[in-house]
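Engineer: Can you read through this structure? Questions will come right after.
Protein chains: 4
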Amino acid sequence: MTGLIVHRIGFLGPRGTFSEVALRQRPEAEQAQVLPYTSVDTALAALRAGEIDAAVVPIENSVEGGVPATLDSLAHGEPLRVVAEMIVPITFVLAVRPGTRAQDIGAISTHPHAWAQVRGFIAANYSACRYVPATSTAASAVDLAGGAHAWHDATAYQAAICHEMVARDHGLEVLADDIGDNKDAVTRFVLVARPGRMPAATGADKTSVVLFQKIDYPGGLLGLLEQFAVRGINLSRLESRPTGESLGQYCFSLDLDGHLHDARVAEALKGLHRVCAQVRFLGSYPRADGAPVAVSPAHSGRSYEEAEAWLAALEE
Amino acid sequence: MTGLIVHRIGFLGPRGTFSEVALRQRPEAEQAQVLPYTSVDTALAALRAGEIDAAVVPIENSVEGGVPATLDSLAHGEPLRVVAEMIVPITFVLAVRPGTRAQDIGAISTHPHAWAQVRGFIAANYSACRYVPATSTAASAVDLAGGAHAWHDATAYQAAICHEMVARDHGLEVLADDIGDNKDAVTRFVLVARPGRMPAATGADKTSVVLFQKIDYPGGLLGLLEQFAVRGINLSRLESRPTGESLGQYCFSLDLDGHLHDARVAEALKGLHRVCAQVRFLGSYPRADGAPVAVSPAHSGRSYEEAEAWLAALEE
Amino acid sequence: MTGLIVHRIGFLGPRGTFSEVALRQRPEAEQAQVLPYTSVDTALAALRAGEIDAAVVPIENSVEGGVPATLDSLAHGEPLRVVAEMIVPITFVLAVRPGTRAQDIGAISTHPHAWAQVRGFIAANYSACRYVPATSTAASAVDLAGGAHAWHDATAYQAAICHEMVARDHGLEVLADDIGDNKDAVTRFVLVARPGRMPAATGADKTSVVLFQKIDYPGGLLGLLEQFAVRGINLSRLESRPTGESLGQYCFSLDLDGHLHDARVAEALKGLHRVCAQVRFLGSYPRADGAPVAVSPAHSGRSYEEAEAWLAALEE
Amino acid sequence: MTGLIVHRIGFLGPRGTFSEVALRQRPEAEQAQVLPYTSVDTALAALRAGEIDAAVVPIENSVEGGVPATLDSLAHGEPLRVVAEMIVPITFVLAVRPGTRAQDIGAISTHPHAWAQVRGFIAANYSACRYVPATSTAASAVDLAGGAHAWHDATAYQAAICHEMVARDHGLEVLADDIGDNKDAVTRFVLVARPGRMPAATGADKTSVVLFQKIDYPGGLLGLLEQFAVRGINLSRLESRPTGESLGQYCFSLDLDGHLHDARVAEALKGLHRVCAQVRFLGSYPRADGAPVAVSPAHSGRSYEEAEAWLAALEE
């Protein structure tokens, strides 16, 4: 529990996406109204505008990497805070309208990221089929089933690649299941809120930040990483993203082990604030896997307290 | 000129994409047969299979960042080599069939990356329109024009976002031009070939590599960056990509200033080979902007020669 | 002025040494009783025992390097504090009893460090003379003059190498002056006191510490230096000293630019306290040359305050 | 065996010093003529002049630290090479003329370094005695015994502190033995020759160098240490020495694990040659303790060969 009061939660829709699966993991969702949004941008804009109290969006996939829309939307504009993370195994089925046979399939639709993750299955079994991109895996299924919210003419394809739950919910038949090339694929989702109440430190926490370099800061990324290294802080994610100004201008989006309330993390962030053009704090929150952060004795909270006491004693 | 003998060049199609614009910059394309492919994967697979002699694919956009399909396809499978880079300004137009008025537009189609780059224009002018994803900017225009190669029912949308050239080529009308949010947006394309003849060093070169870490190598990325730092080598691109094995397992795709035939680059790559699980060399090639590499005297070729001579003299 | 109340100051005697010259630079010496000691050890022992309130001892010579007796005595035992530094140009004369001619000189006495610094002069002019070591330059002169405090039989040599002042004071004749091989040689002396009142920060300060490494701390000296580098702190002196336990076990005695009351210095010292077995603080005090410390904007006191305020604001 | 043809070996005399003990460990000394010199400088000058073929001098004491005269003489002037090292346990006796009793002793003589190492014994037993400095421990004994080469009037003291061997050789009586404060004290001596035949690599080697920094090289010592760190090279000794030009101008004298013929050492030295004003190579030679150098697989000779082969293969 984050302690957040959440009446309305948005998610990357439509219903049936992996974002909704992630959302269902959260206790906050039990009593709240859940609202699908057609893009990460619109979900986070609604959150910033106060229309919803929190949003669930994908941030990283173990096969495809970071989700640019989420990384960029969090990195710019009104500050938001990640307050929780959820990990969802990514499994796909090939779904059709009842009665459709494999040989009837001439075109297949799904979200481009899903398409990339079933490449091997398609090459082995449906290499002759056309690909029809969809805005989400769920949308491809919903449209195929002929749902009321169809966004384009569903007659153009005969099969959808989606999560099993959404296929079942819309009366589709599963021709093949677990068709992902990587059976261990997972996507990490984050629960995002407006700044307010930071989740308490649990000893198994993560902190997300975005670092923008000063043009005149020599040493670049190496210098930034040293700020973590001297405080014994491990990074679990690091991605460069263009700042959009010109080729070769990057900011760095990263997750580090530990909580803002850990002395070593606070000191590292202050150190980065001094040498960066901007440090954007995206939140400290419990790790989804609950694994305690390993800290060497030299960088423990106790070691920080002892150093503080030692320094104070020098002043007699 | 790369000195490559190129009879057939593939590119990320269909005709009219920015990849074709990039391809047209190359002298090799003048006499060669040019062939569109429906994806980066299929273009590079055709190259690996010997069906074509080279391929032009996008590798990095100044707004959206690295192109995962290209980065991943180059990082795995049979080795390929980048032999040239091309930079293409990215400008978009809103194209319609002759006679269509702004108020007639209820849905707009384009590639998701293009859609991301015109977000501001859409929000200001067409916020009520539906978005229909397409496999490329060109495909959205071709389909709208009702071309023979239409991939799905074009009746679903009334406007396409594409390059001006392709709109004109297919008889579409431009309702608004230069609609990108970032007027300086560019995409970097690479000309890829099978290993063979490496482009000669020009003094204004770039080298691309992918680094896979050893699990037991302490210090992680910091240790890898130090291999560059001690040889005075600057990085112009750095991206982490998941290896696909599990969350938090990354490889690093990067461009450095200099050529494999520069002593400092050769030594750095050998140093990385020793500490990495794998170093994948993607090629040394001239920079598109022709800007000479700045090298401090301590790391110049002459300094390397002097050090070699000094060491030899210690042996009497 | 250090603000110290000093009734009795010791110095490395006997009278006439360069330590006394250094002592005479201090305003504290004007009203105080000054007492010569026969060694650095005995002077600092008297200070620790409360017999004197301060002591002046040499710490570093621009030609010979650090003074081991001072470095080691400060590094071990009851803590003491450096409260000021004095720089004394080192010039030597060849002094004889009135009437002695160059050709009468068969043996020459002085302190071994002084002997090392006039090596060139001796080789050129008195290469056939024997060397008689003395416990100080002044002692060689005093004994030659036949003073009451002679420590050994003065008949053994006919010339002393000492400071001009002591030669004059004891009625000796100067046969040659400014005979040092290095005309710019200086020795740095320190005024040492018991812990108490730390000199205020002036903007042109130095801090002296001794670092003892943990056996299990990887990276050794490199890791310690990084603690300074990430805070933009420059070192003006660095010496390794054996800990006395076995060959290859060192502690590091060093001076850094800045005062304990500078935020970057305090943070660096706390960082070192965490990773070292022991950090021995030897004091923060004004530089003898009054040169203001150069600090990059990223590491200024203001930058530290801004980072603190930024972090606090994250907590709403 | 170094393979050196040695007819005449010098050592820091007079006879009976620890330098002679070190010399006696060398097989080269068995057939050679051995010659005492009154200082490190004169011994090394004789070696440079070709008067002797090798010299044994002390370089480092486990209690007192580096021997400045040796470090400085090796660092400047005509190049010399260390070809072997010898470790000698340092034990002292209090020696007197037969019949002298403890209560008869009013003054004690020895070399200042020895005096520093028996400080505790003296304080406990002879705190009232005067100290008479001598040019060597052996000289204090020889003079006390009334030898023909006495350098000053021996009547001035009644006891000498020296090695037991020299006391016995000169008919002195031992009043107390093993009087050193540190029972594990050792001194490391080196056998120095003119450049010529470098000792072969044994897998248990050491390399000594002196590094002079460029004024304009940023990062200072940290940058130099990184040249070792990236090649996995451990340092077993590091000392800063003033260059003599001004306070704060240092060169670094150091020993590293490994031989010039190890690929990682050769590469590190070339790297240092590029970034330093001067690298002075003092020799590669077997470790006295015979302990094999620990090398991580990433930095082994085999890893260097594999990296070389990998790079060559990139050129097809």
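Residue numbers (UniProt numbering), protein chains in the order written: chain A, 1 to 316; chain B, 1 to 316; chain C, 1 to 316; chain D, 1 to 316.
Each residue gets a CB set at the ideal place from its N, CA and C atoms; glycine is no exception.
The model shown is predicted, which means the values in this text are computed figures rather than measured ones.
Can you tell me the Cα-Cα spacing of C/Ala32 and C/Gly16, whole angstroms?
Structural biologist: Approximately 17 Å, taken between the alpha carbons.
Engineer: Can you have a look at B/Gln278 and say buried or exposed, based on whether 16 or more other CB atoms are within 10 angstroms of its CB?
Structural biologist: With fewer than 16 other Cβ atoms within 10 Å, it is exposed.
Engineer: With 7 Å as the C-beta to C-beta threshold (strictly closer), list the residues of the region 184-202 of chain B near chain A in chain order.
Structural biologist: Taking 7 Å as the Cβ-Cβ cut-off against chain A, the residues of the region 184-202 of chain B that qualify are Asp184, Val186, Arg188.
Engineer: What are the residues that DSSP puts in a beta bridge with B/Leu282?
Structural biologist: Paired residue(s): none; B/Leu282 is not in a bridge.
Engineer: Taking beta-carbon pairs under 9 Å, can you tell me which members of the region 40-68 of chain A lie near chain B?
Structural biologist: The residues in question are Asp41, Glu60, Asn61, Ser62, Val63, Glu64, Gly65, Gly66, Pro68.
Engineer: List the whole-angstrom C-beta distance separating C/Ile9 from C/Glu28, where the pair is believed to meet the contact cut-off of C-beta under 8 Å.
Structural biologist: Contact holds; Cβ gap of about 7 Å.
Engineer: Spell out the partners DSSP gives C/Phe189 in its beta bridges.
Structural biologist: Partner(s): C/Pro58, C/Met86.
Engineer: Is the Cβ-Cβ distance between B/Ala160 and B/Ser140 less than 8 Å?
Structural biologist: The answer is yes: Cβ separation under 8 Å.
Engineer: Could you work out which residues of chain A lie near C/Glu226, taking near to mean beta carbons separated by less than 8 Å?
Structural biologist: Within chain A, the residues near C/Glu226 are Glu226, Ala229, Val230.
Engineer: Taking 8 Å as the CB-CB cut-off, is D/Thr135 touching chain C?
Structural biologist: D/Thr135 counts as touching chain C.
Engineer: So, do the region 266-284 of chain C and the region 290-307 of chain A have three or more beta carbon pairs nearer to each other than 8 Å?
Structural biologist: Contact between the region 266-284 of chain C and the region 290-307 of chain A is present, because at least three Cβ pairs lie under 8 Å.
Engineer: Fully enclosed by the region 23-52 of chain A, which beta strand (DSSP E) runs are 3 residues long or longer?
Structural biologist: Correct list: 33-37.
Engineer: Give me whichever residues DSSP pairs with B/Tyr131 in a beta bridge.
Structural biologist: Paired residues: B/Ile108.
Engineer: Considering only their Cβ atoms, is the gap separating C/Ile105 from C/Tyr126 smaller than 8 Å?
Structural biologist: For C/Tyr126 and C/Ile105, yes; Cβs fall inside 8 Å.
Engineer: How many Å lie between A/Trp151 and B/Ala49 at the Cα?
Structural biologist: Confidence at A/Trp151 is low in this model, with a pLDDT of 42, below 50, so the placement of that residue should be treated as unreliable; the coordinate-derived value is given next. Each residue's Cα considered, the two are about 39 Å apart.
Engineer: Where do the N-terminal and C-terminal ends of the alpha helix (DSSP H) with D/Val275 fall, by residue?
Structural biologist: Residues 263-275.
Engineer: With 8 Å set as the bound, which would you pick, yes or no: does the beta-carbon of C/Ala246 sit closer than that to a beta-carbon of chain D?
Structural biologist: According to the sequence displayed, residue 246 of chain C carries Ser and not Ala. Yes, contact with chain D.
Engineer: Just mark D/Lys183 as buried or exposed, buried being the case when its beta carbon has 16 or more other beta carbons within 10 Å.
Structural biologist: D/Lys183 comes out exposed.
Engineer: Which of the three DSSP states is assigned to A/Ala139 in this structure?
Structural biologist: Three-state result, A/Ala139: helix.
Engineer: Considering only the beta carbon of each residue, do D/Pro242 and D/Val83 sit closer than 8 Å?
Structural biologist: No; because the gap between Cβ atoms is not below 8 Å, this pair is not in contact.
Engineer: Let me know if A/Gly146 comes out buried or exposed under the rule of 16 or more other beta-carbons within 10 Å of its beta-carbon.
Structural biologist: So A/Gly146 counts as exposed.
Engineer: Does the beta-carbon distance from D/Leu74 to D/Leu80 come in below 8 Å?
Structural biologist: The answer is yes: Cβ separation under 8 Å.
Engineer: Would you say B/Lys206 and B/Asp262 are within 8 Å of each other, going by their C-beta atoms?
Structural biologist: Contact: no.
Engineer: Of the choices A/Leu175, A/Ala204, A/Val230, A/Ser253, whose alpha-carbon is the least far from that of A/Gln213?
Structural biologist: Considering only alpha carbons, the answer is A/Ser253.
Engineer: Can you tell me whether C/Arg264 is buried or exposed, with buried defined as 16 or more other CB within 10 angstroms of its CB?
Structural biologist: Its Cβ being crowded by 16 or more others within 10 Å, C/Arg264 is buried.
Engineer: As a quick exercise: from A/His259, A/Thr202, A/Cys129, A/His113, pick the residue whose alpha carbon is nearest that of A/Gln103.
Structural biologist: The shortest Cα separation from A/Gln103 among A/His259, A/Thr202, A/Cys129, A/His113 belongs to A/Cys129.
Engineer: Within 10 angstroms of the Cβ of C/Gly249, are there 16 or more other Cβ atoms? Answer buried if so, exposed if not.
Structural biologist: The question names Gly, yet the displayed sequence has Gln at residue 249 of chain C. It counts as exposed.
Engineer: Taking the straight line between their C-alpha atoms, what separation do you get for D/Thr137 and D/Ser19?
Structural biologist: The straight-line gap from Cα to Cα measures roughly 11 Å.
Engineer: Give the secondary structure of B/Gly147 by DSSP, where H, G and I count as helix, E and B as strand, and everything else as coil.
Structural biologist: With a pLDDT of 49 at B/Gly147, under the threshold of 50, the predicted position of this residue should be treated as unreliable, though the coordinate-derived value follows. B/Gly147 falls in the coil class under three-state DSSP.
Engineer: What does DSSP give as the partner residues of C/Tyr250 in its beta bridges?
Structural biologist: C/Tyr250 pairs with C/Pro242.
Engineer: Any residues in the region 269-282 of chain A with a beta carbon nearer than 7 Å to a beta carbon of chain C? Which ones, in chain order?
Structural biologist: Flagged, chain order: Leu269, Lys270, Gly271, His273, Arg274, Val275, Phe281.
Engineer: According to the neighbour-count rule (16 or more other Cβ atoms, all chains shown, within 10 Å of its Cβ), is A/His259 buried or exposed?
Structural biologist: Buried.
Engineer: Report the partner residues of B/Gly65 according to the DSSP bridge assignment.
Structural biologist: BP columns for B/Gly65 point to B/Asn61.
Engineer: Take A/Asp153 and list the residues in its own chain whose beta-carbon comes closer than 6 Å to its own, dropping the five residues that flank it on each side.
Structural biologist: Residue placement at A/Asp153 is flagged as unreliable, the pLDDT there being 48, under the threshold of 50; a coordinate-derived value is accordingly withheld.
Engineer: Please compile the residues from chain A whose C-beta is within a distance smaller than 7 Å of the C-beta of B/Pro112.
Structural biologist: Those within 7 Å of B/Pro112 in chain A are Pro112.
Engineer: Would you kindly check if the distance between the Cβ of D/Val93 and the Cβ of D/Gly203 is under 8 Å?
Structural biologist: The answer is no: Cβ separation not under 8 Å.
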